[in-house]
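Participant: Input: one structure, supplied below.
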Amino acid sequence: MEPIVSCLVMVGIFQMALGETIEVCNAELNTQIRCNMNKIIIVSSAEYGRMKLGRCITKPNEFMGCTNDVLPLIDKWCSGRGECDVVVPNPELEKLNENCLEVLIKYLLVTYSCISVTGCPELSRPAHAWYKREGNEAVIGCENNEKEWRLTCAGNTWKGEVGNCTGPADVVVINNNPQHVGIDSVVVMTGIAAGAIVLCVMAIVIGTVYVKKYRLRQETKHMTKTYATIGKNTQMSYAQIDLCLADQETLEKDLVGQWDPSRDQIMSYPKGCTCASLPSQTGKMIEVCNAELNAHIRCNMNEIIVVSSAEYGRKELGRCITEINEFMGCTNDALQLIDKWCSGRRECELRVPDPGLEKLNKNCLKVLIKYLLVQYSCMPVNSDCYSSRPTSVIGAEGMISSSTYDIKGCGSHNSPWIISAQPGQTINISIIDFGTDTKSSNLISCPVVYGYIRETALGINHTICNGRDRERLLYSSKSNVVEINIQPKNRRGEKNFVLKYIVTGCPELSRPAHAWYKREGNEAVIGCENKDKEWRLTCVENTWEGEVGNCTKSATIIHVETVPQEMSIDSVVVMTGIAGGAVVLCVVAVVIGSVYIKKYRMRQETKHMMKTYATIGKNTQVSYGPIDICLRDQATLDKHMVGTWDPSHDQMMSYPESCTCASQPSQAESKNERQSLYSSIKSS
């Protein structure tokens, strides 16, 4: 440590002997040692381990009494400074741990004093100058002239003026802070500029690495295909993935690795792994280690987090526990707490350790370092809604989250969700309750009201209640339209939930002409009015299956297979007609365009091949260009006035259709010559 004070007074030494003590517990944030102005920290002792009972260890146990001297490290962190941060746990502290088991939770005990500083610090000698100090007096002079300046130490601060020895004697006022060493401002600015350049380069490098890993993760996600289920045994699906495309860190983060069927979960591959077919697992998994900061779960827009399992303890080897020891295998179910933190939200923060997690700890020794393992999925929910009027939802299935009401106000009494199916179908509504209370009494029918399900047409009103079961069926409708209202957060006790609706049954069939129709549940009968013929249909997975004849003519058999919630046959016919018409129009446009281009090129060639000069009047000189008439169709000849000459009105007329290939006359010198030429052409 560089000398920063000239001396320590006896009072300061006495204070150091008394000292102050600070006890820093595991994962305790924002712990600082701070002294007042004109005072610095002097650490007298620092111990890391499990020394004795105190604020961090409140109950005696067999893992007590171990300690490690960490004074040199804490000296480096704090001594000689006005304030410092103390972080536990810390890799540097763990390196000094020799006497305590690595798996134990440890704390830091620091004894320190705040010492007043006296006198002024040494001054930096200016360029081309000499410097001399005697106690509280200092003299600075120029080497190449007789100029000198005197400074006085008053109140731990140098006061006076100093000139410039390199150029004109510019006067600089000295009034320095005793807590800092005098440093040339040019050096400071140079350091700042260099630091800025280094930061820019680091930002570019980090950004490049991040983009590369992001793309790699995206490729990994596209190469895997998972099917999500909630609450039940996890379904495993296999995807071909090339591990050689990804580094070990990325593989571990994305939980890509070998499958252990005994545990039904993914474990990371070892280094040097080869390309193979790996299982991809439902949902995602995050492992949060002790005192790990900024651990978040985050889903995309229009998605919410649904946690399927959460365990707190020392279950197995992984990212947090890398070596096997005797303190393995203990775990505690933390699903209910993590549901409260995360489920039903778009993002959340995970904290380890946490008092709430420690309250759930029944199977692991309290002195052990534990981690949190969470498995979750990002589930899509309906979020396009209105806060001032009802929102209609049409579809075979979907999910409605209470968080959508909290954010957008959708689902209130004035803006309910209206779920509609086709006539003849019904709607099943189930709940994933993230606010279950297993301790609630069965005598209370509805501990917390979440909302209401209404069938207005039938006058039915069903209450959505908080319960003991996380997933359960709430309601099966009697009609094809239901209305859902959600209670505000202050009435439902800050609890989140998701409602899942599924349309069931087959829609009503249209009665054929001259036929009767009867339905009983999932069975339907269609018969002819004037005949004894009838056909039976069965509803299988929301689809009518069977055959129906024709009552108006001979009994032609028609295969019936309806698909609910899809477009009707008429709509399909209309869409097919529109598509067919569009194709025909495209073909016609191409043909017309081709003909037009062909004729345009033909006309251009004709213009270049002939050259005529015509004037209207008597004794008109007309010249003819040589042209092969048989190469041009009649219409083209007409348009360009190529052909025989009619002397009666002195203009060109088209050749007859039976024309033969010949060269036209090049020139007629006079009108009489043109007449004789016309006669000869006509006779031929």
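Residues -19 to -1, 1 to 665 (mature numbering (1 follows the signal peptide of the UniProt record, and there is no 0)) make up the sequence shown, in order. Backbone N, C-alpha and C fix where the C-beta goes; we use that ideal spot for every residue, glycine too. Since we're looking at a predicted model, the values are computed, not measured.
Compute the Euclidean distance between the alpha carbons of Ile55 and Gly(-1), then round it to the nearest angstrom.
Facilitator: 15 Å
Participant: Could you name the residues of the same chain whose beta carbon sits closer than 6 Å to that of Met45, not counting the 5 residues immediately before and after it, in chain order?
Facilitator: Arg31
Participant: Quick test of the definition: if touching needs 3 or more C-beta pairs under 8 Å, does the region 79 to 89 touch the region 343 to 353?
Facilitator: Enough Cβ pairs lie closer than 8 Å, so yes.
Participant: The beta strand (DSSP E) spanning Pro361 covers which residue range?
Facilitator: Tyr352 to Pro361
Participant: Please state the DSSP three-state secondary structure of Ile178.
Facilitator: helix
Participant: Determine the DSSP secondary structure at Ile573, reduced to helix, strand or coil.
Facilitator: helix
Participant: Can you give me the C-alpha to C-alpha distance between Lys340 and Gln356, rounded to a whole angstrom?
Facilitator: The alpha-carbon atoms of Lys340 and Gln356 are separated by roughly 21 Å.
Participant: Using CA coordinates, which residue listed in Arg15, Lys470, Thr533 and Arg36 is at the minimum distance from Lys389?
Facilitator: Lys470
Participant: Go through its chain and collect everything with a Cβ distance to Asn503's Cβ below 6 Å, but skip five positions before and after it.
Facilitator: Cys520
Participant: Per DSSP, what kind of secondary structure is Gly(-1) in: helix, strand or coil?
Facilitator: coil
Participant: With 16 as the cutoff for other CB atoms within 10 Å, does Asp365 come out buried or exposed?
Facilitator: exposed
Participant: Please report the distance separating the alpha-carbon of Ser25 from that of Ile3.
Facilitator: In a straight line, the C-alpha of Ser25 is about 12 Å away from that of Ile3.
Participant: From the DSSP output, which residues share a beta bridge with Cys134?
Facilitator: Partner(s): Trp139.
Participant: Going by the beta-carbon positions, is the gap between Ile465 and Gly440 smaller than 8 Å?
Facilitator: Not closer than 8 Å, so no.
Participant: Rounded to the nearest angstrom, how far is the Cβ of Glu64 from that of Gln13, given a contact under 8 Å?
Facilitator: 6 Å
Participant: For the structure I just gave you, are there three or more beta carbon pairs, one from the region 439 to 456 and one from the region 378 to 386, closer than 8 Å?
Facilitator: Between the region 439 to 456 and the region 378 to 386, the count of Cβ pairs shorter than 8 Å is below three; the stretches do not touch.
Participant: Can you look up Gly119 in the DSSP assignment and give me helix, strand or coil?
Facilitator: In the sequence as displayed, the identity of residue 119 is Ala instead of Gly. Looking at Ala119 - three-state DSSP - the assignment turns out to be strand.
Participant: Whose CA, out of Cys487, Ser97, Gly379 and Gly116, lies closest to the CA of Thr407?
Facilitator: Cys487
Participant: Taking Asn271 as the reference, which of Glu43, Pro70 and Leu34 has the closest Cα?
Facilitator: Pro70
Participant: Quick one: what's got a C-beta closer than 8 Å to Glu515's C-beta in the same chain, skipping five residues either side?
Facilitator: Val506, Ile507, Gly508 and Cys509
Participant: Given Glu124, which residues of its chain have a CB within under 8 Å of its CB, disregarding the five upstream and five downstream residues?
Facilitator: His109, Ala110, Trp111 and Cys146
Participant: Name the DSSP bridge partner or partners of Thr417?
Facilitator: None, per the DSSP bridge assignment.
Participant: Measuring only the C-alpha atoms, how far is Ser97 from Met18?
Facilitator: 9 Å
Participant: Val463 by DSSP, collapsed to three states: which one?
Facilitator: strand
Participant: Taking the alpha-carbon positions, what's the Gln403 to Asn409 distance?
Facilitator: Just so you know, the alpha carbons of Gln403 and Asn409 end up roughly 14 Å apart.
Participant: Exposed or buried, what is Ile286 when buried is set at 16 or more other beta-carbons lying within 10 Å of its beta-carbon?
Facilitator: buried
Participant: Bridge partners of Val24, per DSSP?
Facilitator: Tyr93
Participant: Helix, strand or coil for Asp320? Go by DSSP, reduced to three states.
Facilitator: helix
Participant: May I ask you to report which of helix, strand or coil DSSP gives Asp66?
Facilitator: strand
Participant: DSSP state of Leu77, grouped into three classes?
Facilitator: coil
Participant: How many angstroms separate the CA atom of Val569 from the CA atom of Tyr581?
Facilitator: 18 Å
Participant: Which residue's Cα is closest to the Cα of Ser426: Asn447, Val571, Ala438 and Glu436?
Facilitator: Asn447
Participant: Using three-state DSSP, classify Ala184 as helix, strand or coil.
Facilitator: helix
Participant: Quick check on DSSP: helix, strand or coil for Asn29?
Facilitator: Per the sequence shown, the amino acid found at residue 29 is Tyr instead of Asn. Of the three classes helix, strand and coil, the one that applies to Tyr29 here is strand, per DSSP.
Participant: Quick check on DSSP: helix, strand or coil for Thr385?
Facilitator: If DSSP states are grouped into helix, strand and coil, Thr385 belongs with the helices.
Participant: What residue does the alpha helix (DSSP H) around Lys265 start on, and which one ends it?
Facilitator: Where Lys265 is concerned, there is no enclosing alpha helix (DSSP H), although the beta strand (DSSP E) it sits in stretches over Lys265 to Val269.
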